[in-house]
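Take a look at the structure below.
Residue numbers (UniProt numbering): 1 to 297.
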């Protein structure tokens, strides 16, 4: 099997950087559309688009004088356009059913303005040498799948298959785009009749994929339970996972520490890591999964 070095290996990857180049802008909403159960918003965000990479986040202010909501939402970037008619733009995907703040954000209309900070956190590391990789994403975590696949292919990596899961068909995000780029896409839904939840079904699908395709690295994105299942499947095939964690990030800047995840160092000592700054992309083999699943239950 072709080996892939990951972000913990010095000089092994490009594309992962310290979260220090953060730009604050007031972004005008220039495009909005429904994407199944989600809403895709495109904002003018000069400066952010030029710096952003797949897997990174932006933090958007939520609420106004007429709203009781005063906070922020950290969302994964779906795509960026560094230049164009409006200058740099960023696209985010909002789940209006997630909470009141997300519903408020999803309801914004053309030409509304929102405070945006970004890009935040570490994105997906891209191998310096071409290797075969598989992408697995669940729910809103699939937002950046197309952008990631394009970036990997430009780096010479082969992407033989993409696995996309959702709680229902309306929550299968990015399937058409993935099929255009890769061709071979496995879509996964829960099977209530068989008593199989989404995480288990994704695990089975990825296990089958890794049995069929030589894979050096899995790129994953989604909720904690799904990422644990993806990691379990990859470990059976001795394939490392770079995982983008979709957890609540109230401030998006690391100050509140509400998004801290338990991560083990080389000595096995577990310490909290802020998902919005040190993540959201983290090496799955470093996660203290038992603690993480207990907290997220």
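Even for Gly, the Cβ is constructed at its ideal location relative to N, Cα and C.
Give a yes or no on whether the C-beta atoms belonging to residue i and residue j are separated by under 7 Å.
{"i": "residue 106", "j": "residue 94", "result": "yes"}
{"i": "residue 134", "j": "residue 209", "result": "yes"}
{"i": "residue 37", "j": "residue 78", "result": "no"}
{"i": "residue 39", "j": "residue 76", "result": "no"}
{"i": "residue 121", "j": "residue 256", "result": "no"}
{"i": "residue 74", "j": "residue 183", "result": "no"}
{"i": "residue 274", "j": "residue 260", "result": "yes"}
{"i": "residue 27", "j": "residue 62", "result": "no"}
{"i": "residue 165", "j": "residue 146", "result": "no"}
{"i": "residue 228", "j": "residue 282", "result": "no"}
{"i": "residue 82", "j": "residue 151", "result": "no"}
{"i": "residue 262", "j": "residue 270", "result": "yes"}
{"i": "residue 92", "j": "residue 226", "result": "no"}
What does the alpha-carbon distance come out to for the pair residue i and residue j?
{"i": "residue 56", "j": "residue 212", "result": "30 Å"}
{"i": "residue 31", "j": "residue 264", "result": "42 Å"}
{"i": "residue 267", "j": "residue 35", "result": "44 Å"}
{"i": "residue 186", "j": "residue 206", "result": "9 Å"}
{"i": "residue 71", "j": "residue 223", "result": "21 Å"}
{"i": "residue 233", "j": "residue 140", "result": "21 Å"}
{"i": "residue 84", "j": "residue 44", "result": "10 Å"}
{"i": "residue 99", "j": "residue 171", "result": "16 Å"}
{"i": "residue 11", "j": "residue 29", "result": "Below a pLDDT of 50, predicted positions are generally treated as unreliable, and residue 11, at 31, falls in that range; no measurement from the model is reported."}
{"i": "residue 50", "j": "residue 148", "result": "16 Å"}
{"i": "residue 290", "j": "residue 89", "result": "39 Å"}
{"i": "residue 284", "j": "residue 177", "result": "26 Å"}
{"i": "residue 180", "j": "residue 87", "result": "26 Å"}
{"i": "residue 41", "j": "residue 80", "result": "12 Å"}
{"i": "residue 169", "j": "residue 163", "result": "14 Å"}
{"i": "residue 237", "j": "residue 136", "result": "15 Å"}
{"i": "residue 190", "j": "residue 167", "result": "6 Å"}
{"i": "residue 22", "j": "residue 188", "result": "36 Å"}
{"i": "residue 123", "j": "residue 111", "result": "29 Å"}
{"i": "residue 235", "j": "residue 126", "result": "20 Å"}
{"i": "residue 15", "j": "residue 155", "result": "For residue 15, the pLDDT reaches just 38, beneath the cut-off of 50, and the residue's location in the model is therefore unreliable, although a value from the coordinates is still provided. Rounded to whole angstroms, residue 15 to residue 155 spans 11 Å at the Cα level."}
{"i": "residue 64", "j": "residue 104", "result": "10 Å"}
{"i": "residue 203", "j": "residue 160", "result": "17 Å"}
{"i": "residue 333", "j": "residue 278", "result": "The displayed coordinates of the chain run from 1 to 297. Any statement about residue 333 would go beyond what the structure contains."}
{"i": "residue 295", "j": "residue 59", "result": "24 Å"}
{"i": "residue 272", "j": "residue 254", "result": "12 Å"}
In the DSSP assignment, find the unbroken beta strand (DSSP E) run with residue i in it and report its ends.
{"i": "residue 60", "result": "57-62"}
{"i": "residue 74", "result": "71-81"}
{"i": "residue 175", "result": "Segment 175-181 is the alpha helix (DSSP H) holding residue 175; no beta strand (DSSP E) there."}
{"i": "residue 138", "result": "133-138"}
{"i": "residue 159", "result": "Unbroken run through residue 159: none, as it is neither H nor E."}
{"i": "residue 186", "result": "185-188"}
{"i": "residue 41", "result": "38-44"}
By the DSSP assignment, the alpha helix (DSSP H) with residue i in it spans what residues?
{"i": "residue 22", "result": "That residue, residue 22, is in no alpha helix (DSSP H); it is neither H nor E in DSSP."}
{"i": "residue 196", "result": "From DSSP, residue 196 is part of no alpha helix (DSSP H); its letter is neither H nor E."}
{"i": "residue 146", "result": "145-154"}
{"i": "residue 49", "result": "48-51"}
Segment contact flag, the segment 241-251 with the segment 216-224, C-beta cutoff 8 Å, min 3 pairs: yes
Please determine if the segment 197-206 and the segment 106-120 are in contact, where contact requires at least 3 C-beta pairs separated by less than 8 Å. The segment 197-206 makes no contact with the segment 106-120, as fewer than three CB pairs between them are under 8 Å.
Which parts of the segment 264-288 are runs of the beta strand (DSSP E), unbroken and 3 residues or longer, counting only runs that do not cross its ends? 270-274 and 281-283
Which ranges would you report for the alpha helix (DSSP H) in the segment 221-249 if only whole runs of at least 4 residues count? DSSP runs (the alpha helix (DSSP H)) wholly in the segment 221-249: 224-236.
In the segment 84-125, which residue ranges form an unbroken alpha helix (DSSP H) of at least 4 residues, counting only runs that do not cross its ends? 100-106
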